[in-house]
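Chemist: So the sequence lines, in the order shown, correspond to chains E and V.
First residue of the first sequence? That's 15 in my numbering, and the numbers climb one at a time after it.
First residue of the second sequence? That's 697 in my numbering, and the numbers climb one at a time after it.
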Amino acid sequence: MAADAEKLMPSSEEVLGRAAAWQSSGKDVAIATVVNTWGSSPRPVGSQLAVSGAQEMIGSVSGGCIEGAVVAEAQEVIRSGAPRLLEFGVADADAWAVGLACGGRIEVFVERLD
Amino acid sequence: MDRALIDRLAAARAAHRAVVVATDLGSGKKTWIEDGSAAGSVAVDEAVLVAAAAAQRDDKSQTVETGDGRRLFLHVFNPPLRLMVVGAVHIAQSLAPMATLAGYAVTVIDPRGSFATADRFPGITLTDEWPDEALAASKPDARTAIVTLTHDPKLDDPALHSALRSGCFYIGCLGSRRTHASRVERLKQAGFDDAEIGRIHGPIGLDIGARSPAEIALAIMGEITATLRRPQATTVAA
Numbered sequence: 015m016a017a018d019a020e021k022l023m024p025s026s027e028e029v030l031g032r033a034a035a036w037q038s039s040g041k042d043v044a045i046a047t048v049v050n051t052w053g054s055s056p057r058p059v060g061s062q063l064a065v066s067g068a069q070e071m072i073g074s075v076s077g078g079c080i081e082g083a084v085v086a087e088a089q090e091v092i093r094s095g096a097p098r099l100l101e102f103g104v105a106d107a108d109a110w111a112v113g114l115a116c117g118g119r120i121e122v123f124v125e126r127l128d
Numbered sequence: 697m698d699r700a701l702i703d704r705l706a707a708a709r710a711a712h713r714a715v716v717v718a719t720d721l722g723s724g725k726k727t728w729i730e731d732g733s734a735a736g737s738v739a740v741d742e743a744v745l746v747a748a749a750a751a752q753r754d755d756k757s758q759t760v761e762t763g764d765g766r767r768l769f770l771h772v773f774n775p776p777l778r779l780m781v782v783g784a785v786h787i788a789q790s791l792a793p794m795a796t797l798a799g800y801a802v803t804v805i806d807p808r809g810s811f812a813t814a815d816r817f818p819g820i821t822l823t824d825e826w827p828d829e830a831l832a833a834s835k836p837d838a839r840t841a842i843v844t845l846t847h848d849p850k851l852d853d854p855a856l857h858s859a860l861r862s863g864c865f866y867i868g869c870l871g872s873r874r875t876h877a878s879r880v881e882r883l884k885q886a887g888f889d890d891a892e893i894g895r896i897h898g899p900i901g902l903d904i905g906a907r908s909p910a911e912i913a914l915a916i917m918g919e920i921t922a923t924l925r926r927p928q929a930t931t932v933a934a
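1) Determine whether the Cβ of E/A68 lies closer than 9 Å to any Cβ atom of chain V.
2) Would you mind telling me which residues of chain E sit closer than 7 Å to V/Q752, beta carbon to beta carbon, in chain order?
3) Starting from the N-terminal side, write out each stretch of the alpha helix (DSSP H) that is 4 residues or longer and does not extend beyond the region 863 to 887 of chain V.
4) Just to check my reading of the structure: V/A910 and V/S790 have Cβ atoms closer than 8 Å, yes? What is that Cβ distance to the nearest angstrom?
5) Find the nearest neighbour of E/A96 within the set E/V43, E/E27, E/A35, judged by alpha-carbon distance.
6) Could you tell me the boundaries of the alpha helix (DSSP H) in which V/V744 lies?
7) In terms of alpha-carbon separation, which member of E/S76, E/V65, E/S74 lies closest to E/A86?
8) So, at 6 Å on beta carbons, what are the nonlocal neighbours of V/L777 in its own chain, with the 5 sequence-adjacent residues on each side left out?
9) Nearest chain E C-beta to V/A706 closer than 9 Å, yes or no?
10) Mind pulling the alpha helix (DSSP H) runs of 4 or more residues that sit fully within the region 817 to 858 of chain V?
11) Kindly indicate if chain V contains any beta-carbon less than 9 Å away from that of E/Q37.
12) What did DSSP end up calling V/G918 once you bin it into helix, strand or coil?
13) Nearest CA to the CA of E/R57: which residue from E/Q69, E/E121, E/L30?
14) Please confirm if E/I80 has its CB atom under 9 Å from at least one CB of chain V.
15) For V/E761, which residues from the same chain have a beta carbon less than 8 Å from its beta carbon, with the 5 sequence-adjacent residues on both sides left out?
16) In or out: V/K756 buried (at least 16 other Cβ within 10 Å) or exposed?
17) Report, in whole angstroms, the separation of the C-beta atoms of V/K726 and V/V717, which I expect to be a contact under 8 Å.
18) At a Cβ threshold of 9 Å, is V/L677 touching chain E?
19) Would you say E/A19 lies against chain V (beta-carbon separation less than 9 Å)?
20) Could you check what DSSP says for E/T47 in three-state terms: helix, strand or coil?
21) So what does DSSP say about V/R699, is it helix, strand or coil?
22) Would you mind giving the Cβ-Cβ distance between V/F773 and V/A832, rounded to the nearest angstrom? I have them listed as a contact below 8 Å.
23) So with CB distances below 7 Å, who are the chain V contacts of E/P97?
24) For the putative contact between E/A34 and V/R699, defined by C-beta atoms under 8 Å, what is the C-beta separation to the nearest angstrom?
25) Provide the residue span of the alpha helix (DSSP H) that contains V/E892, from first to last.
26) According to the neighbour-count rule (16 or more other Cβ atoms, all chains shown, within 10 Å of its Cβ), is E/A68 buried or exposed?
27) On the three-state DSSP scale, how would you describe V/R925?
28) Rounding to the nearest angstrom, what Cα-Cα distance links V/D837 and V/C864 in this structure?
29) Against V/D656, what residues of chain E qualify as contacts under a CB-to-CB distance less than 9 Å, listed in chain order?
30) Straight-line CA distance for V/A706 to E/E27?
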């Protein structure tokens, strides 16, 4: 049971460990971190998502509603090397599309793993 | 983020060291904060160090603004939560899986060979060392809870001596008020003062009328959680 829970919601250590493994195998990697939340939000501050240049991902920064947008931004960050600070609110189409009516707003910092 | 940071974080976690990583949300530069001192490419002042210490204590990462208008993300990397259970008894059989679900790495200690068996504690770390030796070897820290459940002073007392000398955040002892009173007397004779003995939660657990082993385990888990998350609100046993 605990093992299943870990797969669904891996810890920061697991996310960073996988990111390091991707890098070791020659892939480009970006790491996204929830750095601020307002109101209710699905994942707490500090939650992390690692994205590879091959579009693989592990971890989460929301209940699945903004991961798509973050993965796309991550590719830009991988290309440019410049970190980005993203902000998402309930007004985002992506958020409404999956029915996230939690009223929350979150800030996500995306940086390249060098 | 530098790859070396991931390796350093893994090493700190393995060594049960608490770390805060400060990231400048403008530049992405980072500073490593440990034991109240900072090293890295982000300048941090005293106010940031105080905020980092508070974030670490509350186990809550947060973004703060510096006096000169920069925004810093303080990412808390606390060591894993651990629960050391002395006594592989019935209550331990309920407590171990509950604590595992709550995110604790659980070790059950019982030198009486037939108690701490994999049959009775599937998936739990077991040791048949003497409690004081097992506890001393595990180096309990501010993310460790210690519970004694044997009722046997030969096992519980040495464990308590070890626990009281450690920086663990919770110590709980099973036993009635009378049992606890005589335990307190023995600890005083062993040289522990009232403040030290006051760290012990005895009788153990929140007062929820628990009867069965599983209910008592729930009361213990509730008390451990309250002590971890609201340390100032938890009453200390007299």
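Note that CB positions come from ideal geometry on N, CA and C, so glycine has one too.
Modeler: Taking the coordinates as given:
1) no
2) The contacting residues do not exist; V/Q752 stays about 12 Å from chain E at best.
3) 873 to 885
4) 4 Å
5) E/V43
6) 742 to 754
7) E/V65
8) G799, Y800, R839
9) yes
10) 827 to 834
11) yes
12) helix
13) E/E121
14) no
15) R767, L768
16) exposed
17) 6 Å
18) Chain V is shown only over 697 to 934; residue 677 of chain V falls outside these bounds and no answer can be derived.
19) Summary for E/A19: the model assigns pLDDT 41, below 50, so the residue's position carries little reliability; its value from the coordinates is reported in the next sentence. Taking Cβ atoms only, chain V reaches closer than 9 Å to E/A19, which makes this a yes.
20) strand
21) helix
22) Between V/A832 and V/F773 the Cβ distance is about 25 Å, and since that is not below 8 Å, they are no contact.
23) G724
24) 6 Å
25) 890 to 893
26) exposed
27) helix
28) 5 Å
29) The displayed coordinates of chain V run from 697 to 934. Any statement about residue 656 of chain V would go beyond what the structure contains.
30) 7 Å
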